[in-house]
Amino acid sequence: MELRLYDTLSREKRTFVPLDANNVRMYVCGPTVYDFAHIGNARPVIVFDVLFRLLRHLYGEAHVKYVRNITDVDDKINDRAARDFPGLPLNEAIRKVTEQTGKQFHADVDALGALRPSVEPRATEHIGEMREIIERLVAGGFAYVAEDHVLFSPQAMNAANSTLPRYGALSKRSLDEMIAGARVDVAPYKRDATDFVLWKPSKPGEPSWPSPAGIAAPGRPGWHVECSAMAWKHLGEYFDIHGGGIDLVFPHHENEVAQTCCAFHQERMANYWMHNGFLQVEGEKMSKSLGNFVTIHELLADWPGEVLRLNMLKTHYHSPIDWTMKSLEESARTLDDWYRAAADVEPGKPAASVLEPLLDDLNTPLAIAALHGLRGSDVNGLAASLRLLGFLSESAAQWEGRKQQASGVDAKDVERLISERTAARARKDFKESDRIRDELAAMGVTIKDSKDGTTWEIAR
RNA sequence: GGCCACGUGGCGGAGUGGUUACGCGCCGGUCUGCAAAACCGUUUACUCGGGUUCGAGUCCCGACGUGGCCUCCA
6 MELRLYDTLS
16 REKRTFVPLD
26 ANNVRMYVCG
36 PTVYDFAHIG
46 NARPVIVFDV
56 LFRLLRHLYG
66 EAHVKYVRNI
76 TDVDDKINDR
86 AARDFPGLPL
96 NEAIRKVTEQ
106 TGKQFHADVD
116 ALGALRPSVE
126 PRATEHIGEM
136 REIIERLVAG
146 GFAYVAEDHV
156 LFSPQAMNAA
166 NSTLPRYGAL
176 SKRSLDEMIA
186 GARVDVAPYK
196 RDATDFVLWK
206 PSKPGEPSWP
216 SPAGIAAPGR
226 PGWHVECSAM
236 AWKHLGEYFD
246 IHGGGIDLVF
256 PHHENEVAQT
266 CCAFHQERMA
276 NYWMHNGFLQ
286 VEGEKMSKSL
296 GNFVTIHELL
306 ADWPGEVLRL
316 NMLKTHYHSP
326 IDWTMKSLEE
336 SARTLDDWYR
346 AAADVEPGKP
356 AASVLEPLLD
366 DLNTPLAIAA
376 LHGLRGSDVN
386 GLAASLRLLG
396 FLSESAAQWE
406 GRKQQASGVD
416 AKDVERLISE
426 RTAARARKDF
436 KESDRIRDEL
446 AAMGVTIKDS
456 KDGTTWEIAR
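Numbered according to the numbering used here, the first sequence spans residues 6 to 465.
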């Protein structure tokens, strides 16, 4: 069985061959910790968690290294800190914001059934690596100092006439197009409009570190170099898979490639570039101004994390997804059924019918179709396959109990009403038994009569 | 304006040249005092217009629609 992955750089599905099968390496861009993560942020977390699990299944748990960074130095964090903790010194306020938000992020993604990555590096703990990359780039003639900034020059990279990749290869843009399409005013200290920042001076009170490249004033890193540095530290100069949202292809990933390849004289940074598609909410772009900004935290108040997870995986990771209530309800019903059927059975082996679509560029919708097939034929295989995909973390009773708890229904009341109804039915007082059934329905309780008696559950 | 994706039945959503996707819903059946739940069965599609081909949802061209990105940062 071989794994095939779609690679954004070559624009084709290719057989995955690890550089070292004993150490399969994947990097995914993680959150900037300044606010609650929204449901769009959950998509890469879930998609690459499935890939992580699949790689562990194929190569062994000890042989896969997954790195997802936490960006904890950023203007948005500074703004947030100043707003939320106006009485505190900025650096202290920033620490509060990043600690609080990072903690919340972990709570959210744990609930989504995502395994913790092997390493979760923080940008602020890798300033030394960033400085080193910047020094190398300046020494190599790929970057220059201007007004206490360090800027990377894509023009210099493309003029280097070596084995380096062409700047723009990943996002399929030429430098000419970028210049023509630029809508933003170009800072005066840039030599070319396409140059981007590696290091910039900090404003008074902002987080700052000693600057590289002989700059006297303290400064802080640009965003792109953070990921190059963290990937380098934990995965090396060249590794297997780099993932993230499709919005990151340009400029973020294009710039990462440029920095890493020029700093280490590599032809490539990662062998496979994977990007998940965007997410809309109820047919509209998610934005704070439209008022449809949905956080993972809010959704988790109404739905188990696994429902969000299933709902996300119903669509192929590369396609756009429209996040709707209706779809969530459907996902919840499906999981209810799977929990009843498979949560308490002895897991067998993950079914080939599920693995094969996953191996074909993570075709989770087709894998889910196969799960429906197993539901009727092989519940042990269903149980194992669902676990492989990160489901069934609870027992059937816990799953049902969670619904009861959320509904606020007292099981004792329900049991009492059911026995009253059973008595009414026994004396053929159907008017009374139907009244009780209606009363239970109004409480959100569904009655299930069978030859062995009456059971009940919370309706979705 | 430039570059790049996507457009399948009531809904979600696979499928890249010739066979049933699958799930939800609807409808029908079994069961039931009647229902519900459960189980069984049925139904509907490929944005539009050209082209290639014996044959296209699947390849090519164009149009329309939706979305992403366009460099100090999601």
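Built from N, CA and C at the ideal position, the CB exists for glycine as well.
- I44 is positioned such that its CB atom lies closer than 9 Å to that of L304.
- In this structure, A148 lies near V155, with their beta-carbon atoms less than 9 Å apart.
- A contact is defined here as three or more CB-CB pairs under 8 Å, and the stretch 55 to 71 fails this definition with respect to the stretch 108 to 115.
- In this model, K70 and V124 are separated by some 8 Å (Cα to Cα).
- Approximately 6 Å separates the beta-carbon atoms of P170 and C266; this is inside 8 Å, confirming the contact.
- Comparing alpha carbon positions, the residue from A401, H239, E259, L367 closest to V29 is H239.
- Pairing A151 with Y194 gives a Cβ-Cβ distance under 9 Å.
- Taking every protein chain shown into account, the CB of F435 has fewer than 16 other CB atoms within 10 angstroms, so this residue is exposed.
- No Cβ-Cβ contact shorter than 9 Å links A416 with D349.
- For S390, the three-state secondary structure derived from DSSP is helix.
- DSSP, reduced to helix, strand and coil, places K81 within a helical segment of the structure shown.
- Secondary structure at Y344: helix, using DSSP grouped into helix, strand and coil.
- By the Cβ neighbour-count rule, E259 is buried, with 16 or more other Cβ atoms within 10 Å of its own.
- Across the structure, D365 and R426 are spaced so that their CA atoms are roughly 53 Å apart.
- Our two residues, D341 and G395, have alpha carbons roughly 15 Å apart in a direct line.
- DSSP links A275 through a beta bridge to F244.
- Within its own chain, the residues whose Cβ lies closer than 6 Å to the Cβ of A128, once the five positions on either side in sequence are excluded, are T76, D77, V78, E231, listed in chain order.
- Shown here for K408: same chain residues with a beta carbon closer than 6 Å to its own, the five before and five after excluded, namely I463 in chain order.
- Three or more Cβ pairs closer than 8 Å define a contact, and the stretch 18 to 26 falls short of that threshold against the stretch 317 to 325.
- A direct Cα-Cα distance of roughly 15 Å separates T300 from P49.
- With a threshold of 16 other beta carbon atoms within 10 Å, T20 falls short and is exposed.
- In the same chain as N96, and ignoring 5 residues on each side of it, the C-beta atoms closer than 7 Å to its own belong to P212, in chain order.
- About 12 Å separates the beta carbon of G107 from that of R73, a gap too long to meet the 8 Å contact definition.
- Annotation for L10: F21, Y277, D366 place their beta carbon closer than 6 Å to its own, counting only its chain and skipping 5 residues before and after.
- F201 has its alpha-carbon roughly 30 Å from the corresponding atom of F298.
- Leaving aside the five residues that flank V254 on each side, the residues in its chain whose CB is nearer than 7 Å to its CB run, in chain order, T13, L175, S176, H280.
- Judged by their CB atoms, I139 and L203 are nearer to each other than the 9 Å cut-off.
- Under the 10 Å beta carbon count, Q410 is surrounded by fewer than 16 other beta carbons and is classified as exposed.
- In the three-state reduction of the DSSP assignment, A174 falls in the coil class, being assigned neither a helical nor a strand state.
- The closest CA to that of A447, considering only V414, G310, H247, is found on V414.
- In the structure shown, D200 falls within a coil segment according to DSSP collapsed to helix, strand and coil.
- Of the candidates A346, I373, A347, the residue whose Cα lies closest to the Cα of R314 is I373.
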